[in-house]
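Protein chains: 4
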Amino acid sequence: MDGFTFSTPVRVRFADTDAQGIVHNSAYLVWYEIARVEYLREFAGGYQALREHGIEALVLESFCRYRVPTRFDDDLVVHCRCLGLRGARFRYEYAITRGDELVADGHTEHACVDARTMHPTRVPAWLAEAIAAAEAASPSA
Amino acid sequence: MDGFTFSTPVRVRFADTDAQGIVHNSAYLVWYEIARVEYLREFAGGYQALREHGIEALVLESFCRYRVPTRFDDDLVVHCRCLGLRGARFRYEYAITRGDELVADGHTEHACVDARTMHPTRVPAWLAEAIAAAEAASPSA
Amino acid sequence: MDGFTFSTPVRVRFADTDAQGIVHNSAYLVWYEIARVEYLREFAGGYQALREHGIEALVLESFCRYRVPTRFDDDLVVHCRCLGLRGARFRYEYAITRGDELVADGHTEHACVDARTMHPTRVPAWLAEAIAAAEAASPSA
Amino acid sequence: MDGFTFSTPVRVRFADTDAQGIVHNSAYLVWYEIARVEYLREFAGGYQALREHGIEALVLESFCRYRVPTRFDDDLVVHCRCLGLRGARFRYEYAITRGDELVADGHTEHACVDARTMHPTRVPAWLAEAIAAAEAASPSA
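Protein sequence lines, in the order shown, are assigned to chains X, U, Y and V. The first sequence maps to residues 1 to 141 in the working numbering. The second sequence maps to residues 1 to 141 in the working numbering. The third sequence maps to residues 1 to 141 in the working numbering. The fourth sequence maps to residues 1 to 141 in the working numbering.
The structure is reproduced here in structure tokens:
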């Protein structure tokens, strides 16, 4: 997928479907999260590293456009990139594909917070640098 | 909540929380759905009536702004209104409150489809009229 | 339901269903949990009281017999009773009904643990007494 | 894991955790299902093959013993075997491991039903034979 730094596969679970016979809309937000977790594992020592620094990343906003229904056992790829890093905040953009077909896309907005107080705190320099390096190295950059 | 036609209570389940100690972002989309289902029960004979006419309402788009974290056992109210009905499509807007506090808001976009073919089909007249009547009767209209 | 101390209503959410058109088997464990939470609210100051004493109740075992499929929008009642309290451990038994029909039953086993260490710790006396009083007062006792 | 025919990896998702900081008990039933789906893919043409024959496999019973809490990002392996095939019914047994450690085990009971009527129907011969062959070929058999 052009313009995306990273991708990770997801196979649709039976539990992700609903009585319409297709995947429930809330499952896509879980897939987004899987992509963020794998992105951080690949480029920045994992989400657990963030938590060990006493930081949590909250979700401030989620958006998903469901273009084509997905179904049990579909093999999907979740593409993502991280951008807009400024102060405590950053943003992920996503595209979900099934073969060549774009089935969904969207974004999430995040803020780093202190895990104890839940107050916003700057994205740590090591993380900002790791993300900047990852995105700069992307073929699309 | 000013401007909303309908509201329904939701109590946060333990299963809705995650290891951040707050509610997982995907749970809000399930609460949206609960509000839509209760809205249709109140004003239009229930979602099951739609399904018995061979129609499903697909989610085309979801958006949620998470303003304040919510927690296990919180008593929330999901407010919603239905608008923008045109052809096969319609839109719900939401506000989620805890006491006087707005904790989240957002919208979903929908299309009616034929349950067999999954092709778009006009919102049935009886449903469009029921929604129009509900929204016209709203104190905020 | 004879022999049960407590019951709480649950309405089946669309998100609880799967592509078989019925409720997914994992949803029943969430309903069990709702019943435990409401039981503790009714008889023992709520689960939050336990957590504020630095105690968590872990699930050690779950069992569910799915007797009749349940469906979107079903109005269910989850009946439960707490028994077998000994040391750190206790047990809940459940019956889930739809009208007069028993649709599922089962049990869960639990242990109190220290929230920090996750090591087993005796059920606090105030909780043991509250449960004993609730169960003794049950019409079926 | 001795005595198990099949295994499949599962990585714990953040969405699987709850405010106790560990995985929610209901997630294990979803992992069981993933193992069944992969088992059928490996040995019997996939669960979809069953559905295309107009058959669904219902869950009649689930049991899980949670031996050690699991956490976000854990790499688990779900081991399973299928046995007790008789008429419409069959049974899966499971063990979930994290490295060398057994973290959970249990079973599910199932019945094949006609997808339209939801009435029990014999396990089709091709499926019974595929399962028998898989289990006979198991090193532990």
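Quick reminder that beta carbons are idealized off the backbone N, C-alpha and C, glycines included.
Query raised in the report: When burial is assigned at 16 or more other CB atoms within 10 Å of the CB, is His79(U) buried or exposed?
Result: Taking the second sequence and counting its residues from 1, the one referred to as residue 79(U) is at position 79. So His79(U) ends up on the buried side.
Query raised in the report: Is the Cβ of Ser26(U) closer than 8 Å to any Cβ of chain V?
Result: On the second sequence, residue 26(U) is found 26 positions in, with the first residue counted as 1. Closer than 8 Å to some Cβ of chain V, the Cβ of Ser26(U) qualifies, so yes.
Query raised in the report: What's the C-alpha gap between Ala104(Y) and Ser7(X)?
Result: Locating residue 104(Y) in the third sequence gives position 104, counting from the first residue. Locating residue 7(X) in the first sequence gives position 7, counting from the first residue. Distance between the alpha carbons of Ala104(Y) and Ser7(X) is about 41 Å.
Requested in this report: Take Leu60(V) and list the residues in its own chain whose beta-carbon comes closer than 7 Å to its own, dropping the five residues that flank it on each side.
Outcome: If you number the fourth sequence from 1, residue 60(V) lands on position 60. Glu109, His110 and Ala111.
Query - Straight-line gap, Ala130(U) to Tyr39(Y) (C-alpha atoms, nearest Å) - result: Indexing the second sequence from 1 puts residue 130(U) at position 130. Indexing the third sequence from 1 puts residue 39(Y) at position 39. Going from the Cα of Ala130(U) to the Cα of Tyr39(Y) covers about 39 Å.
Requested in this report: Would you decide whether His119(Y) is buried or exposed? Buried here means 16 or more other CB atoms lie within 10 Å of its CB.
Outcome: As a working mapping, residue 119(Y) is identified with position 119 in the third sequence. So His119(Y) ends up on the exposed side.
**Report entry** Backbone secondary structure at Phe4(Y) - three-state DSSP
**Finding:** The count along the third sequence starts at 1 and reaches residue 4(Y) at position 4. It is coil, neither helix nor strand.
Report task. Please report how far the alpha carbon of Thr97(Y) lies from the alpha carbon of Arg11(U), in whole angstroms. Result -> Within the third sequence, residue 97(Y) is the residue found at index 97, counting from 1. Within the second sequence, residue 11(U) is the residue found at index 11, counting from 1. Approximately 21 Å, taken between the alpha carbons.
Query raised in the report: Where does the unbroken alpha helix (DSSP H) through Phe72(X) begin, and where does it stop?
Result: Within the first sequence, residue 72(X) is the residue found at index 72, counting from 1. Careful: Phe72(X) lies outside any alpha helix (DSSP H) and carries neither H nor E.
Query raised in the report: For the putative contact between Val113(V) and Glu56(V), defined by C-beta atoms under 8 Å, what is the C-beta separation to the nearest angstrom?
Result: Your numbering for residue 113(V) matches position 113 in the fourth sequence. Your numbering for residue 56(V) matches position 56 in the fourth sequence. The Cβ separation is near 5 Å, so the contact holds.
**Report entry** DSSP-derived helix/strand/coil call for Val123(X)
**Finding:** For the purposes of this step, residue 123(X) is taken as residue 123 along the first sequence, with counting starting at 1. Val123(X): coil per DSSP, three-state reduction.
Report task. Give every residue of the same chain whose Cβ lies closer than 6 Å to the Cβ of Glu93(V), excluding the five residues on either side of it in the sequence, and list them in chain order. Result -> In the fourth sequence, counting from the first residue as 1, residue 93(V) sits at position 93. Counting only Cβ-Cβ distances below 6 Å, and skipping sequence neighbours, we find Arg81 and His107.
Query - Cα-Cα separation, Phe63(U) to Phe63(X) - result: By one-based count along the second sequence, residue 63(U) stands at place 63. By one-based count along the first sequence, residue 63(X) stands at place 63. Taking the straight line from one Cα to the other gives about 4 Å.
Requested in this report: Consider the Cβ of Ala15(U): report whether some Cβ of chain V lies at a distance smaller than 8 Å.
Outcome: Position 15 of the second sequence holds residue 15(U). Yes, contact with chain V.
Query raised in the report: Can you pull the DSSP bridge partners for Glu135(Y)?
Result: The residue labelled residue 135(Y) in the question sits at position 135 within the third sequence. Beta-bridge pairing links Glu135(Y) to no other residue.
Query - Opposing strand residues paired with Asp105(V) [DSSP bridges] - result: In the fourth sequence, residue 105(V) corresponds to position 105, counting from 1. Answer by DSSP bridge pairing, in chain order: Arg65(V) and Ala95(V).
Report task. Would you verify that the beta carbon of Gln48(Y) is, or is not, closer than 8 Å to some beta carbon of chain U? Result -> Counting from one through the third sequence, the residue named residue 48(Y) turns up at place 48. True, the Cβ-Cβ gap to chain U drops below 8 Å.
Requested in this report: Counting only the same chain and skipping the five closest in sequence on each side, list residues whose C-beta sits under 6 Å from that of Tyr28(U).
Outcome: Stepping through the second sequence from its first residue, residue 28(U) is reached at position 28. Only Cys64 and Ala104 meet the Cβ criterion.
Query raised in the report: If you measure beta-carbon to beta-carbon, which residues of the segment 62-76 of chain U are closer than 7 Å to chain Y?
Result: Asp73
Query raised in the report: Regarding Arg98(X) and the ligand SAM, is the C-beta to nearest heavy atom distance less than 7 Å?
Result: Within the structure as shown, the ligand SAM is missing, as the structure has no ligands at all.
Query raised in the report: Of all the beta strand (DSSP E) runs that stay within the bounds of the segment 2-38 of chain V, which reach a length of 3 or more residues?
Result: 6-11
Requested in this report: Please work out which residues of its chain come closer than 8 Å, Cβ to Cβ, to Trp126(Y), disregarding the five sequence neighbours upstream and downstream, and give them in chain order.
Outcome: The count along the third sequence starts at 1 and reaches residue 126(Y) at position 126. Excluding sequence neighbours, Trp126(Y) sits near Ala44.
Report task. Could you tell me whether any Cβ in chain Y is nearer than 8 Å to the Cβ of Ile34(U)? Result -> Here residue 34(U) refers to the residue found at position 34 of the second sequence. Cβ-Cβ to chain Y under 8 Å: yes for Ile34(U).
Query raised in the report: Whose Cβ in chain Y lies nearer than 8 Å to the Cβ of Val30(U)?
Result: Along the second sequence, read from residue 1 onward, the residue named residue 30(U) stands at position 30. Residues of chain Y passing the Cβ test: Arg13 and Ala15.
Requested in this report: Establish whether the CB of Gly54(Y) and some CB of chain X are separated by less than 8 Å.
Outcome: In the third sequence, residue 54(Y) corresponds to position 54, counting from 1. Not closer than 8 Å to any Cβ of chain X, the Cβ of Gly54(Y) fails to qualify, so no.
Requested in this report: With DSSP collapsed to three states, give me the class of Arg41(X).
Outcome: The count along the first sequence starts at 1 and reaches residue 41(X) at position 41. Of the three classes helix, strand and coil, the one that applies to Arg41(X) here is helix, per DSSP.
Requested in this report: If I'm right that Arg91(V) touches Leu83(V) with Cβ under 8 Å, what's the distance once you round it to whole angstroms?
Outcome: For the purposes of this step, residue 91(V) is taken as residue 91 along the fourth sequence, with counting starting at 1. For the purposes of this step, residue 83(V) is taken as residue 83 along the fourth sequence, with counting starting at 1. Rounded, the Cβ-Cβ distance is 6 Å, consistent with contact.
Report task. Could you name the residues of the same chain whose beta carbon sits closer than 8 Å to that of Glu101(X), not counting the 5 residues immediately before and after it, in chain order? Result -> Along the first sequence, read from residue 1 onward, the residue named residue 101(X) stands at position 101. Here the set comprises Val68.
Query raised in the report: Which bits of chain Y does Asp40(V) rub up against, with CB to CB less than 8 Å?
Result: The residue you call residue 40(V) lines up with position 40 of the fourth sequence. Residue identity check: residue 40(V) is Leu in the sequence provided, not Asp. In chain order: nothing, as chain Y lies at least about 15 Å away.
Requested in this report: Please report the Cβ distance between Ala136(U) and Ser26(V), rounded to the nearest whole angstrom; I am assuming they are in contact, meaning their Cβ atoms lie under 8 Å.
Outcome: Along the second sequence, one-based indexing puts residue 136(U) at 136. Along the fourth sequence, one-based indexing puts residue 26(V) at 26. That belief does not hold up - the Cβ atoms of Ala136(U) and Ser26(V) are roughly 42 Å apart, past 8 Å.
Query raised in the report: Got a sec: is the Cβ-Cβ distance from Val23(Y) to anything in chain U below 8 Å?
Result: In the third sequence, counting from the first residue as 1, residue 23(Y) sits at position 23. Chain U contact via Cβ: absent.
Query raised in the report: Which chain Y residues are close to Ala111(X), counting only those with a beta carbon under 8 Å from its beta carbon?
Result: Along the first sequence, read from residue 1 onward, the residue named residue 111(X) stands at position 111. Result: empty, since nearest Cβ-Cβ is about 26 Å, beyond 8 Å.
**Report entry** C-beta contact flag for Arg116(Y) and Val30(U) at 8 Å
**Finding:** For the purposes of this step, residue 116(Y) is taken as the residue at position 116 of the third sequence. For the purposes of this step, residue 30(U) is taken as the residue at position 30 of the second sequence. Going by C-beta atoms, Arg116(Y) is not nearer than 8 Å to Val30(U).
Query raised in the report: With 16 other CB atoms within 10 Å as the buried threshold, where does Asp18(X) fall?
Result: Along the first sequence, one-based indexing puts residue 18(X) at 18. By the neighbour-count rule (16 or more Cβ atoms within 10 Å), Asp18(X) is buried.
Query - For Arg36(U) and Ala86(U), the rounded distance between their alpha carbons - result: By 1-based counting over the second sequence, the position of residue 86(U) is 86. By 1-based counting over the second sequence, the position of residue 36(U) is 36. With the sequence shown as reference, residue 86(U) is identified as Arg, and Ala is not the correct amino acid for it. The alpha-carbon atoms of Arg86(U) and Arg36(U) are separated by roughly 18 Å.
Requested in this report: From the DSSP output, in three-state form, read off Arg86(Y) for me.
Outcome: Locating residue 86(Y) in the third sequence gives position 86, where the first residue counts as 1. Of the three classes helix, strand and coil, the one that applies to Arg86(Y) here is strand, per DSSP.
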